Amino acid sequence: MSRFPLANVHPEATIGNNVIIEPFATVQKDVVIGDDCWIGPNAIIMDGARLGKNCKVFPGAVISGIPQDLKFKGEKTTTEIGDNTTIRECVTINRGTIDKYKTVVGANCLIMAYAHIGHDCIIGNNCILGNTVQLAGHVLIDDFAIFGGACAVQQFSKIGAHAYIGGGSLVRKDIPPFTKAAREPISYAGINTVGLRRRGYSQDKISEIQDIYRYVFLRGMNISKAIELVEKEFSSSVERDYILDFIKTSERGIMKGYGGND
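Next up, the structure:
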């Protein structure tokens, strides 16, 4: 470990190999930092933080602060950050509460400057949160989801894998996988074709996903009828079944389509 003299590192913190902790950074007692991490100046890694390997934490970030939840009673909880994740300037990530006992950010994520991740959020791998994205508590985000800058996400919302949320969006409904979401109120804006191509999806698979969402969002029918027709007219596949399961299990309801159908 390379620790500058002006860094404040508790002697009982667990620090891996080849970790650099810059001047004026603070690492508290109940912290684990994996190999090859970089902790920038004035970053604060608080009790309960668990960082994987090769993470980068930029100046002013606060990892594992206590939840901004009046129900929190000081229970022992954690904030878990996956390998190769970058946390940029002034990001705040709160640790969990009695609900899940942890807040999780997966591997290979990029959390841009001034973003906030509330208590008990679970974020998958390869996700990107743009500058100043604000997640309330208990938000669930699947792999490869991308948020443009200045999005605000209501508590208990769910975001499906490979979804793209346009900058400045107010997310009050669940966002199904593979879709793009934008406008106010948040609405279907097509599927994330560019992202799916970048991740190796074939044109046939992209077309299948697009056709499924035409039933869900563009034909003016209610969600129950759309699900019934998709189950009838599309063969079972990983993507079809994931979409249907996401919609069926949505507790707050999914975003609206172009025509405003429920």
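Under full-length UniProt numbering, the first residue of the sequence shown carries the number 1, and numbering increases by one thereafter.
We put the beta carbon where it would ideally sit given N, CA and C, even for glycine.
Keep in mind that this is a model prediction, so the values were computed, not measured.
Residue range T179 to A182 is occupied by the beta strand (DSSP E) that includes K180, with no alpha helix (DSSP H) assigned at that position. Taking M112 as the centre and dropping the five residues before and after it, the same chain places the C-beta of R88, L129, G130 and N131 closer than 7 Å to its C-beta, in chain order. Classified as exposed, R252 has fewer than 16 neighbouring CB atoms from the shown chains inside 10 Å of its CB. In the pairwise beta carbon analysis, the stretch 32 to 43 is classified as not touching the stretch 66 to 76: fewer than three pairs are separated by under 8 Å. For R88, there is no enclosing alpha helix (DSSP H), as DSSP marks it with neither H nor E. In the three-state reduction of the DSSP assignment, G195 falls in the helix class. In the structure shown, F147 adopts extended strand secondary structure according to DSSP, grouped into three states. Contact annotation: S157 and V139 have beta-carbon atoms nearer than 7 Å.
Leaving aside the five residues that flank V91 on each side, the residues in its chain whose CB is nearer than 6 Å to its CB run, in chain order, A61, I111 and A115. Note on geometry: alpha-carbon atoms of F58 and E80 lie some 17 Å from one another.
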